[in-house]
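Before any comments, here is the structure.
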Amino acid sequence: MIALIIGVVYTYASIYVPSIYLAVLLTIAFPLGVIYTAEYLTKLLKIQHSGYVKGIVFSAIVIAFILSWVLWISYHTGKGFFPIDSILQHLKKPISLWRDMLMLLGRGTRTIEKGEAIKGILLGVLWIIEACIILGTSRFISGKQAKKPFRRSTDDWAVHTISANLNPITKDEFQLFLHNKDYTRISADDGNNKQYSTFEIYTGEDNTYYATLMIHTVNNDNVHNKEVIEYVAVPKEFIQYLTKHNLLRLS
């Protein structure tokens, strides 16, 4: 239902937004709105299967996207602001939607400033890019909340603590540390690098622990954050090492 509402809002916002730049932002905001809502509901309802969430989000975005096309095509073919008859016809007979799309492809739909309307191959390419952005975003962003460790004893998501800034650690180095059970090369950031690492430590059931390794790249006043590896089970000795060297304080 929320996806359908967002689909309607997206359609009419894109129709009345005068700037092509804002229209691009709307294209990005459309799937992000669905994903944000899904992630919030995942956290609230405590859904713990990321594949299930991804499937729901993708289905919701597809439905909302199809609805937005039905509304958008109906509007641009001069059938009114919210033409119920045209909407039902397109939903019952998708071939009519395809026919109207081809008509708009030849006629054009939008004018940038005082130039000619965009049409033909260029318009088709823009439609494909729009579809890739909207449908592709759900594939790569959704389901993050459902991956997080969950504590069944408290029926809630695992609490996490962020470590101090550490000297850069790669994924391979971290896995080697865990394999050898040797953590002595993990130390506080000395400030001599443009990168530093942090761990997000999650406390699971029965004092089990999970770590997400982050790499932070400093560029002037901006910091770019990247997840290197997430929710890896780590032994208690790893936590004890970080705590002993004042690199972590568990709440």
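Numbered by my numbering, the letters in the sequence shown go through residues 1 to 251 in order.
Note that beta-carbon positions come from the ideal geometry of N, C-alpha and C, so glycine has one too.
Keep in mind that this is a model prediction, so the values were computed, not measured.
Assuming ALA38 contacts ILE56 under a Cβ cut-off of 8 Å, what Cβ separation, rounded to an integer in Å, is found between them?
The residue you call residue 38 lines up with position 38 of the sequence shown. The residue you call residue 56 lines up with position 56 of the sequence shown. The beta carbons of ALA38 and ILE56 sit about 7 Å from each other, so the pair counts as a contact at 8 Å.
Is the stretch 158 to 168 close to the stretch 59 to 66, with three or more CB pairs under 8 Å?
No, they do not touch.
So PHE65 and LEU135 are supposed to be a Cβ contact under 8 Å. How far apart are they, rounded?
Stepping through the sequence shown from its first residue, residue 65 is reached at position 65. Stepping through the sequence shown from its first residue, residue 135 is reached at position 135. Correct: roughly 7 Å between the Cβ atoms.
Does ALA234 come out as helix, strand or coil in the three-state DSSP assignment?
The sequence position of residue 234 within the sequence shown is 234, counting from 1. Residue identity check: residue 234 is Val in the sequence provided, not Ala. Strand at VAL234.
If we call anything under 9 Å between Cβ atoms a contact, is LYS148 one with TYR52?
Position 148 of the sequence shown, counting from 1, holds the residue named residue 148. Position 52 of the sequence shown, counting from 1, holds the residue named residue 52. It is not a contact, given that the beta carbons lie outside the stated cut-off.
Take the Cβ of ASP100 as the centre, count every other Cβ of all protein chains shown within 10 Å, and call the residue buried at 16 or more, exposed below.
Mapped onto the sequence shown, residue 100 falls at position 100. By the 10 Å Cβ count, ASP100 comes out buried.
Between which two residues does the alpha helix (DSSP H) carrying ILE84 extend?
Locating residue 84 in the sequence shown gives position 84, counting from the first residue. Counting along the chain, the alpha helix (DSSP H) containing ILE84 begins and ends at 84 to 92.
Quick check: the Cα distance between TYR21 and THR154, rounded to an integer number of angstroms?
Position 21 of the sequence shown, counted from the first residue, corresponds to residue 21. Position 154 of the sequence shown, counted from the first residue, corresponds to residue 154. A caution first: TYR21 carries a pLDDT of 49, below 50, which makes its placement in the model too unreliable to give a value.
Measure the alpha-carbon distance for LYS119 versus VAL223 and round it to whole angstroms.
Here residue 119 refers to the residue found at position 119 of the sequence shown. Here residue 223 refers to the residue found at position 223 of the sequence shown. One C-alpha to the other measures close to 41 Å.
Are ARG151 and GLY204 touching if we call contact CB-CB under 9 Å?
Residue 151 sits at position 151 when you count from the first residue of the sequence shown. Residue 204 sits at position 204 when you count from the first residue of the sequence shown. The answer is yes: Cβ separation under 9 Å.
Would you kindly check if the distance between the Cβ of LYS194 and the Cβ of VAL218 is under 9 Å?
Along the sequence shown, one-based indexing puts residue 218 at 218. Along the sequence shown, one-based indexing puts residue 194 at 194. Yes, the pair counts as a contact, with Cβ atoms nearer than the cut-off.
Whose CA, out of GLU173, LEU32 and SER138, lies closest to the CA of ASP182?
To locate residue 182, count along the sequence shown from 1; it is residue 182. Closest by alpha carbon: GLU173.
One or two residues paired with SER197 in a DSSP bridge:
Residue 197 sits at position 197 when you count from the first residue of the sequence shown. Answer is LEU166 and ILE215.
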